[in-house]
Amino acid sequence: MAHKPDAVTSWWRRISLRAKVTGVTVGVLALGLLIAGLGTVPILRTALVANVESQLPALVSSDLVNRYFDTTPVDGDPVYTRKDEQPRDFFVAIYDAEGVLQATAGNSSAEAPEFRQEFPLAEAKSSEDTVMPLVGEDGALFSSSVAVLPSEGGALRTQVVAVPLAPADRIIGQYFSIYITIAFITIFIAALLTRFLVTLTFRRLGQVESTAMSIAAGDFSQRLTDLEPTTEVGRLNSAINTMLDRVDGSLAQRDRTVQHMRRFIGDASHELRTPLVSVRGYAELYRMGAIKGEEDTARAMERIEKEAIRMGVLVEDLLALARLDEEREPEIVALDLRPIARDAALDVRAAAPSRTVTMIDLTIESVTAPTRSIPKQEPEQPAPRGLSRAALSRLRRRPRTTPEEPTPAFDFSEAPDTPVRTPPIVWGEENKVRQVVTNLLGNARRFSAEDSPIEIVVDSDRARGTGSIAIVDHGEGIPPQIREQIFERFWRADTSRARETGGSGLGLAIVSSILKALHGSVAVSETPGGGATFTVTLPLAPSRETPAHLLEETQPLERLDL
Ligand code: ADP
C-alpha cells in the first residue's frame, strides 16, 4: 500500500532537479567553508598570542626603569617620573620592595591595563616565568609577566610588563572578514557554475522532452541523436530509441493486422452475401409464384440446399481461421505421419471409390517387393526429378483408370529385411495435421479429374531434421506466378473449375496458419508430368523421445493402394 508522503517529502518532490542539484552543492560547499573558517580562527589566535607573549621574557628582564623613568631619591625612596619616551607596544608597572605600585609607563593614547595596586615581593618571585592575564578598563585583554630586579640603591623592585592582545584579535577579525568575503564569493561562483553545468546537461534532456512531445503528437519517425555511450543521457537516449523502434514495430504490426482484419471481414461478408442473395432470390421467386410444379420446386430446393452447404463450409472455415488467429499454443506431441497418410487415403477411398490413392513411404531405404496392385508402369516414363528412389516409380503419371481395370485393393507389402531409415515421427498436433492433409487432399480431388490418381508421399530427412507428407495430384496444376497467392485468405484462381468447385478460398490459408503454429511449412511445386504437389514439412521429433509403440510401426514397409 502506498502511504501518503509527509510534508517535507512532498515539498522535496515539488522542487525541480536543477534546483535540487544546485542547492545541495551550494549547501555542502557553504558548510565546508564555514567549518574550515571557524576551525582556523582559534588555531590562528593561539599562534598569534604565543608570538606576542614570546616578547615578554626579554622585555620584563630588561632595565625599563632607566629607559622610561627619571628616578629621584626622596627620603631615601626613589620617586619615578615618566620620561618623554614611552613604550608604544607595551605597558610597564614598577613596584617597590614592599610591593606597592610606584609608577606605570606606556602609550598614553592606547588603553592601559589595570595593574594591581600591590604586588608582594614573594608573590612576584614565585610568579616569574609565568604569563598572567590582565584586563583593561574596557575589557581589553593583556598578557603580562613579572620580574624582580635589583634597583640602583640595592633594594629589590618588581617590574611588570603587559602586552596588549588587541592587535592579535584585530588580525583575527580582519582574517575572518576576508575569509567570509572570499567564502561568499566562492559559494556564489559555485552556485552559478553548478547551475550553468546542470542547465547545460539538462538541455540535452530537453531533446528527449521535445522528441517525446513530437511522438505524442503522432510523429513516430522521431529519434534521438545524442547516443554517446559514455554519458548517462547518451545511454538513456539509446534505450529510448530501442523502445521507440519496438513501439513503432508494434504499431505497424497492429496497423497491418487491422488492415488484414478489415479486408478479411470485407471478403468474408462478400463471400457470404453471394449464397444469401441466391437463397433469398429463390424464396422470392417462390413467393411470387414463379416456381411451379414439383420439378421446379425440387431444383430450387436443391440450389438452396447447396448454397446453405456452401455458407456452412464458409462459416466453418472462418471459425477455424479465427481460432488459429487466437494463437493458442498447440498441444505438440510426437506423431507418426504414416498412419495419418494411411487414414487420409482410406477417407478418400470411402468418399470417392473411383479414385486411386497411393500412399508411399519413402522412409524405407529401398523397395524391393513387387506389389500386385501397382498397375504396369510405362517404362518410357522418366522418374520425377527430386524423387529418385525406387519407390518413386509409384509417382509416375498413371494411365487414367479404365472401366475394365479392377478396383485396386489394399496392399500392405512388407519388406522386413530392408533397413529402416529415420521414421517420419514429427512434432505436431494430430488433429491439426490431419486437417492439413484433408484440406490438401480435398483440393487435389477438386482440381483434378475424377479418375486421376493421387499419391500421398511420406518422407523424412534426418540431416534437415524434418519429416514431410506430400499430396501429389495430376490435375491442372498451379502456375508459378500464383503459387504465393494461393495461401492468402479468400484467394481463388479465376478458373472455371475454381468457380465450379465453390470453395471458400480459405482452405490453403488454414493449412498455412496451422503449419505456422506448428513451426512447420508448406510448399507447392509442380508434379512431374503435370499437376500440383503440396509438401508439408514438420520438425522431426528426436528419436529418443519417439514413443516405443510408434517405432515398432516403422518396421514393415507400408504401401497402401486404394
Ligand atoms: P478453395 O476453397 O478455392 O480451394 P484454397 O485456399 O484451398 O481455396 O485454394 C486456393 C486456390 O488455390 C484454389 O482456388 C485453386 O485455384 C488453387 N489450388 C489449390 N489447390 C490446388 C490443386 N491441387 N491444384 C490446382 N490448383 C489448386
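Under this note's numbering, the letters of the sequence shown match residues 1037 to 1598, in that order.
From the three backbone atoms N, C-alpha and C, an ideal C-beta is built for every residue, glycine too.
Keep in mind that this is a model prediction, so the values were computed, not measured.
As assigned by DSSP and simplified to three states, the class of W1047: Locating residue 1047 in the sequence shown gives position 11, where the first residue counts as 1. DSSP, read as helix, strand or coil, puts W1047 in helix.
Ligand 1 heavy atom lying under 7 Å from the CB of E1512: Here the question's residue 1512 lines up with position 476 in the sequence shown. Yes, the Cβ of E1512 comes within 7 Å of a heavy atom of ligand 1.
Contact test: I1492 Cβ vs ligand 1 heavy atom, cutoff 7 Å: Taking the first residue of the sequence shown as position 1, residue 1492 is located at position 456. No.
Which of helix, strand or coil DSSP assigns to S1424: Here the question's residue 1424 lines up with position 388 in the sequence shown. At S1424, the pLDDT of 40 sits below 50, so the modelled position is not reliable and the matter cannot be decided from this model.
Proximal residues to L1551 (C-beta, below 7 Å), its chain only, five neighbours per side dropped: Working through the sequence shown from its first residue, we reach residue 1551 at position 515. Take L1551, set aside five residues on each side of it, and the residues of its chain with a beta-carbon closer than 7 Å to its own are V1472, S1557, V1558 and V1572, in chain order.
Neighbourhood of G1478 by C-beta, 7 Å cutoff - its chain only, sequence neighbours within 5 removed: Working through the sequence shown from its first residue, we reach residue 1478 at position 442. Here the set comprises G1543.
Run of the beta strand (DSSP E) containing A1176, from where it starts to where it stops: Here residue 1176 refers to the residue found at position 140 when the sequence shown is read from its first residue. Segment: none, A1176 is in no beta strand (DSSP E) and carries neither H nor E.
Opening and closing residue of the alpha helix (DSSP H) in which R1391 lies: Indexing the sequence shown from 1 puts residue 1391 at position 355. Taken as a continuous stretch (DSSP letters only), R1391 belongs to no alpha helix (DSSP H), as it is neither H nor E.
Assumed close pair G1270, L1263 - CB separation to whole angstroms, cut-off 8 Å: As a working mapping, residue 1270 is identified with position 234 in the sequence shown. As a working mapping, residue 1263 is identified with position 227 in the sequence shown. Indeed, because the Cβ distance is near 5 Å, the residues count as touching under 8 Å.
Backbone CA spacing between R1054 and L1241 [nearest angstrom]: Working through the sequence shown from its first residue, we reach residue 1054 at position 18. Working through the sequence shown from its first residue, we reach residue 1241 at position 205. Their Cα atoms are separated by approximately 12 Å.
Distance between V1494 and A1506 (C-alpha atoms, nearest Å): Looking up residue 1506 in the sequence shown gives position 470. Looking up residue 1494 in the sequence shown gives position 458. The C-alpha of V1494 is placed about 6 Å away from the C-alpha of A1506.
Buried versus exposed call for N1087 [16 or more other C-beta atoms within 10 Å across all chains shown]: Along the sequence shown, read from residue 1 onward, the residue named residue 1087 stands at position 51. Burial call: exposed.
Closest Cα partner of L1373 within the set G1209, A1248, V1469 and G1501: Along the sequence shown, one-based indexing puts residue 1373 at 337. Of the candidates G1209, A1248, V1469 and G1501, the one whose C-alpha sits nearest the C-alpha of L1373 is V1469.
Unbroken stretches of the beta strand (DSSP E), 3 residues or longer, contained in the region 1106 to 1133: 1113 to 1118 and 1127 to 1131
Ligand 1 heavy atom lying under 7 Å from the CB of D1361: As a position in the sequence shown, residue 1361 is number 325, starting the count at 1. No; taking the cut-off as 7 Å, the Cβ of D1361 has no heavy atom of ligand 1 nearer than that.
Environment of P1169 [buried if 16+ CB atoms lie within 10 Å]: Here residue 1169 corresponds to residue number 133 of the sequence shown, with the count starting at 1. Label assigned to P1169: exposed.
Beta carbon of A1204 nearer than 8 Å to that of L1084: Stepping through the sequence shown from its first residue, residue 1204 is reached at position 168. Stepping through the sequence shown from its first residue, residue 1084 is reached at position 48. Closer than 8 Å, so yes.
Residues bridged to F1570 [DSSP beta-bridge criterion]: Indexing the sequence shown from 1 puts residue 1570 at position 534. According to DSSP, F1570 bridges with I1507 and V1560.
Per-residue burial, V1462 [other beta carbons within 10 Å of its own, 16 or more giving buried]: Residue numbering aside, residue 1462 sits at position 426 when the sequence shown is read from its first letter. The residue is buried, with at least 16 neighbouring Cβ atoms inside 10 Å.
Cβ contact check for the region 1138 to 1149 and the region 1157 to 1165: 3 or more pairs under 8 Å: In short, these stretches do not touch, since the Cβ pair count stays below three.
Buried versus exposed, by CB contacts within 10 Å (16 or more), W1048: In the sequence shown, counting from the first residue as 1, residue 1048 sits at position 12. Exposed, since its Cβ has fewer than 16 Cβ neighbours within 10 Å.
Terminal residues of the beta strand (DSSP E) in which D1495 lies: Translated into positions along the sequence shown, residue 1495 becomes position 459. I1490 to D1497 is the extent of the beta strand (DSSP E) around D1495.
Straight-line Cα distance separating T1166 from G1142: As a first step, residue 1142 must be located in the sequence shown, where it is residue number 106. As a first step, residue 1166 must be located in the sequence shown, where it is residue number 130. Taking the straight line joining both Cα atoms gives about 21 Å.
Run of the beta strand (DSSP E) containing D1255, from where it starts to where it stops: Against the sequence shown, residue 1255 aligns to sequence position 219. D1255 -> no beta strand (DSSP E), and no H or E assigned at all.
Neighbourhood of G1513 by C-beta distance below 6 Å, restricted to the same chain and skipping five residues each side: Taking the sequence shown and counting its residues from 1, the one referred to as residue 1513 is at position 477. Here the set comprises E1562, G1566, G1567 and A1568.
Beta-carbon contacts of P1442 that lie in its chain and below 7 Å, excluding the five residues immediately before and after: In the sequence shown, the residue the question calls residue 1442 occupies position 406. Its pLDDT being 40, under 50, P1442 is placed unreliably in this model, and the value from its coordinates should be taken loosely. Nothing listed; no residue qualifies.
T1392 versus A1380, T1399 and L1398, residue with shortest Cα-Cα distance: As a first step, residue 1392 is located in the sequence shown; it is residue number 356 there, counting from the start. Cα-wise, what sits closest to T1392 is A1380.
DSSP-derived helix/strand/coil call for D1383: The residue given as residue 1383 occupies position 347 in the sequence shown. If DSSP states are grouped into helix, strand and coil, D1383 belongs with the helices.
Beta-carbon proximity of L1069 to T1235, cut-off 8 Å: In the sequence shown, the residue the question calls residue 1069 occupies position 33. In the sequence shown, the residue the question calls residue 1235 occupies position 199. No; because the gap between Cβ atoms is not below 8 Å, this pair is not in contact.
Closest by C-alpha distance to R1498, when choosing among T1261, A1577 and E1173: Along the sequence shown, read from residue 1 onward, the residue named residue 1498 stands at position 462. Among T1261, A1577 and E1173, the Cα nearest to that of R1498 is on A1577.
Length of the line joining the Cα atoms of G1302 and R1309: What you label residue 1302 is simply residue 266 of the sequence shown in a count that begins at 1. What you label residue 1309 is simply residue 273 of the sequence shown in a count that begins at 1. Rounded to whole angstroms, G1302 to R1309 spans 10 Å at the Cα level.
Residue environment, A1043, which counts as buried when at least 16 other CB atoms sit within 10 Å: Stepping through the sequence shown from its first residue, residue 1043 is reached at position 7. The residue is exposed, with fewer than 16 neighbouring Cβ atoms inside 10 Å.
Beta-carbon proximity list for A1304, same chain, < 8 Å, skipping 5 on both sides: Along the sequence shown, read from residue 1 onward, the residue named residue 1304 stands at position 268. Once the five neighbours on either side are set aside, the close Cβ partners of A1304 are L1350, L1354 and F1526.
Start-end ranges of the beta strand (DSSP E) lying completely within the region 1074 to 1108, minimum 3 residues: none
Range of the contiguous beta strand (DSSP E) that encloses D1372: Position 336 of the sequence shown, counted from the first residue, corresponds to residue 1372. Start and end: V1369 to D1372.
I1514 (DSSP reduced to helix, strand or coil): Within the sequence shown, residue 1514 is the residue found at index 478, counting from 1. The answer is coil: DSSP assigns I1514 none of H, G, I, E or B.
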